[in-house]
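S.K.:
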Amino acid sequence: MNPDVKSKNPTFLRFYLSFKAFQLGFLNGFRPLIGLDGYHLSGKFGGVLLAATALDWDNCIIPIAINIYESKNVESWIWFLRQLRDSLGWDDSKRICFISDRQKGFLKALAKEWPNAYTRYCFQHIVANFMSTFKNHKINWKLWQMARAANRASFEQVLTSVREESEQTANWLMSEPVEK
Numbered sequence: 001m002n003p004d005v006k007s008k009n010p011t012f013l014r015f016y017l018s019f020k021a022f023q024l025g026f027l028n029g030f031r032p033l034i035g036l037d038g039y040h041l042s043g044k045f046g047g048v049l050l051a052a053t054a055l056d057w058d059n060c061i062i063p064i065a066i067n068i069y070e071s072k073n074v075e076s077w078i079w080f081l082r083q084l085r086d087s088l089g090w091d092d093s094k095r096i097c098f099i100s101d102r103q104k105g106f107l108k109a110l111a112k113e114w115p116n117a118y119t120r121y122c123f124q125h126i127v128a129n130f131m132s133t134f135k136n137h138k139i140n141w142k143l144w145q146m147a148r149a150a151n152r153a154s155f156e157q158v159l160t161s162v163r164e165e166s167e168q169t170a171n172w173l174m175s176e177p178v179e180k
């Protein structure tokens, strides 16, 4: 579109912001782990706010980048992940892991823009899905024990305890890949 011609109905598309200090902190000392979470904006213009965060050496959450975009779709995710990779100057041979709640289009876009990245699922979202499905508050704390298990034996011990209370719950949990 010709920049000299003003549209009668201008439309906001995307916005990306990342401060150099946070980028350098991430590259020079943070764990290679990025958490992604999105929030629907309910104001007059709508859209989605996405935050990319990391943990610093003191386990404090640090924003690496924020993005505002039109809607959750593969194209928007690709654009954001490309901006993030380019602003960090990320070396694709280095390992990195993304944690998300598997938002629409994210996994497909990540495979395209960060093909060597690992993914994990946000356990808080898994628990929320569990609670909306089963509404079993007695097992809730056991789910967190499973997530924090330091080894396979500890995990299996808690899973056995869950299975004793509810076979259906244990089967639902095991439908998720354990490594995620």
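Numbering-wise (the UniProt record's numbering), the sequence shown opens with residue 1 and increments by one.
C-beta atoms are modelled at their ideal positions from N, C-alpha and C, and glycine is treated no differently.
Would G38 and W57 qualify as a contact pair, given that the criterion is a beta-carbon distance under 8 Å?
M.R.: No. Outside cutoff.
S.K.: Under the DSSP definition of a beta bridge, which residues are partnered with V48?
M.R.: DSSP output for V48 lists H40, Y69 as bridge partner(s).
S.K.: Mind checking who G35 pairs with in its DSSP beta bridge?
M.R.: DSSP, once it has assigned bridges, lists T53, I99 as partnering G35.
S.K.: Identify whether R120 lies in helix, strand or coil by the three-state DSSP scheme.
M.R.: Strand.
S.K.: Just to confirm before moving on: does the CB-CB distance between Y118 and C97 stay below 8 Å?
M.R.: Contact: yes.
S.K.: Report, in whole angstroms, the separation of the C-beta atoms of L55 and I61, which I expect to be a contact under 8 Å.
M.R.: The Cβ separation is near 6 Å, so the contact holds.
S.K.: How many Å lie between L17 and Q157 at the Cα?
M.R.: Cα-Cα distance, rounded: 45 Å.
S.K.: Buried or exposed for F19, going by 16 or more other Cβ atoms inside 10 Å?
M.R.: Answer is exposed; the Cβ neighbour count stays below 16.
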